[in-house]
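What follows is a short report on a single structure.
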Amino acid sequence: MSESDDLFIREDPIFANKELLEINHLPDEGRIVGRDEEISQLANAVNPAIFGQSPSNILIYGKTGTGKSLCAKYVSQRLITTADEEGVTAGFAYVDCAQDSTETQAVQTIASALNDRSITDIKIPDRGISTATYYKRLWSILDSRLDVALIILDEIDKLDGDDILMQLSRAGEAGKIEDCKIGVIGISNKIKYKDRMDERVKSSLCEREFVFPPYDATQLRSIMEARSDAFRDGVLEESVIPRAAALAAKEHGDARKAIDILRYAGEIAQSNDMGTVREEFVIQARERAETDRFRELIRGSTPHSRYVLQALTVLSLDESQQEAFRTTKVFDVYQQICRQEGADPLSLRRVRDLLKEHAFLDILEQSRHSGGSAEGSYTEHQLLEDPHVVKKVLTETVE
Numbered sequence: 001m002s003e004s005d006d007l008f009i010r011e012d013p014i015f016a017n018k019e020l021l022e023i024n025h026l027p028d029e030g031r032i033v034g035r036d037e038e039i040s041q042l043a044n045a046v047n048p049a050i051f052g053q054s055p056s057n058i059l060i061y062g063k064t065g066t067g068k069s070l071c072a073k074y075v076s077q078r079l080i081t082t083a084d085e086e087g088v089t090a091g092f093a094y095v096d097c098a099q100d101s102t103e104t105q106a107v108q109t110i111a112s113a114l115n116d117r118s119i120t121d122i123k124i125p126d127r128g129i130s131t132a133t134y135y136k137r138l139w140s141i142l143d144s145r146l147d148v149a150l151i152i153l154d155e156i157d158k159l160d161g162d163d164i165l166m167q168l169s170r171a172g173e174a175g176k177i178e179d180c181k182i183g184v185i186g187i188s189n190k191i192k193y194k195d196r197m198d199e200r201v202k203s204s205l206c207e208r209e210f211v212f213p214p215y216d217a218t219q220l221r222s223i224m225e226a227r228s229d230a231f232r233d234g235v236l237e238e239s240v241i242p243r244a245a246a247l248a249a250k251e252h253g254d255a256r257k258a259i260d261i262l263r264y265a266g267e268i269a270q271s272n273d274m275g276t277v278r279e280e281f282v283i284q285a286r287e288r289a290e291t292d293r294f295r296e297l298i299r300g301s302t303p304h305s306r307y308v309l310q311a312l313t314v315l316s317l318d319e320s321q322q323e324a325f326r327t328t329k330v331f332d333v334y335q336q337i338c339r340q341e342g343a344d345p346l347s348l349r350r351v352r353d354l355l356k357e358h359a360f361l362d363i364l365e366q367s368r369h370s371g372g373s374a375e376g377s378y379t380e381h382q383l384l385e386d387p388h389v390v391k392k393v394l395t396e397t398v399e
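Residues 1 to 399 in the UniProt record's numbering are what the sequence shown lists, from first letter to last.
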């Protein structure tokens, strides 16, 4: 191969600024669509912070892809700028509790995000010190360099316990910090998450609560149109965005999924050496988005957790006329799968626990029924994911 041969694409024929379609990208205010009221409410709740006073602690609920994290980050960044204009030093830390689920991991992430070693001369190692030491260093960082700190705990329901919530919400009251005010923004997809909280934490953390509704098709279309300059001029067929918006609206108004579909459709055009993104690519992109999302959802799950899910998937495919299945029926198929895999099956009680974990992740839905005096009560389980997608991902996991 000569040096003049191109191994890499020097000029992307499809994308002009692909970053606009990344989930972690925080757009400018003009690109945040359909959330003016929610942004205003969040700003009102933390407004005292721009004067160095304590912001309200907030709990935000809503399904995946409804803009909760986006709006919380946006308001936090705007707060830092506005507070600075008032002579107040503010900062914010973002914690993905699905990744940093233990108390130690979470406090280490917060301390690292808020630290400026050139000011504090405090080192925050990745590991090797106790949780208590991380807290002491965090309190020192807060008092030495910040007047106010906002701490966003995304997917707060994934935390192993409430200890860090107690520490953060009571830090000032307990005398851990003297010069800095803390505000906590908890974000959860679980509307009933608060019911699991320790009562003492609940009283401190849930000062303000907001629910983010799903986006409708019109809003999703506007969201994608606001990011359409991620593509080069003229490469998007006119029907692509309306079709992607309609599909995403059908899937509970998930903006993340809508943006994923749009990005994947562009990548499909790219891989096929096409000069335009066609409507037909949207359907393929939706399937890919579903598979990727579910793959991420079960990442790190145990073999038996997957066997239980596989059992419900087998039933859903083999008996497609039936939507939900009793625990005992799922358990019977699970035992068959264990025998095929050469694994010792877990107890029925443990399988019930695994099914509850999948329900907590919205992979399946559970419902209680009464069979009368003869049968008693029983639970049925309905797979919420496309069983073909689940089967495909579980097969990949085994391979």
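Positions of the beta carbon are idealized from the N, C-alpha and C atoms, including for glycine.
Closest option to I241, judged by alpha-carbon separation, among D344, S228, D233 and E199: S228. Here DSSP, grouped into helix, strand and coil, assigns I177 to coil.
With a minimum length of 4 residues, the unbroken runs of alpha helix (DSSP H) contained wholly in the region 32 to 74 fall at 36 to 46. Going by DSSP, Q336 is part of the alpha helix (DSSP H) stretching over T327 to E341. Distance from the CA atom of V33 to the CA atom of S222, rounded to whole angstroms, is 7 Å.
Within the region 247 to 310, the complete alpha helix (DSSP H) segments at least 4 residues long are 255 to 271 and 279 to 297, listed from N- to C-terminus. The beta carbon of M224 sits closer than 8 Å to those of I241, A244, A245, A258, I259 and L262, all from its chain and outside the five residues before and after it, given in chain order. With respect to the 7 Å criterion, I110 and W139 are not classified as neighbours on the basis of their beta carbons.
As for any beta strand (DSSP E) of minimum length 3 sitting wholly inside the region 68 to 113, the runs are 90 to 96, ordered along the chain. Residue pairing by DSSP places I152 opposite Y94 and I185 in a beta bridge. Here K192 is exposed. Its C-beta has fewer than 16 other C-beta atoms within 10 Å. In the DSSP annotation of this structure, Q167 is not part of any beta strand (DSSP E); the continuous alpha helix (DSSP H) holding it starts and ends at D163 to S169. Taken atom to atom, the span from the alpha-carbon of N44 to that of V389 is near 42 Å. Only buried fits F212, as 16 or more other CB atoms lie within 10 angstroms of its CB.
S76 is the residue among K68, R35, C71 and S76 whose C-alpha sits nearest the C-alpha of V46.
The three-state reading of DSSP puts V393 in helix, counting H, G and I together.
CA-CA distance, E22 to S347, rounds to 42 Å. A straight line joining the alpha-carbon of E11 with that of K158 spans about 42 Å. For S130, the secondary structure class from DSSP, reduced to helix, strand or coil, is coil.
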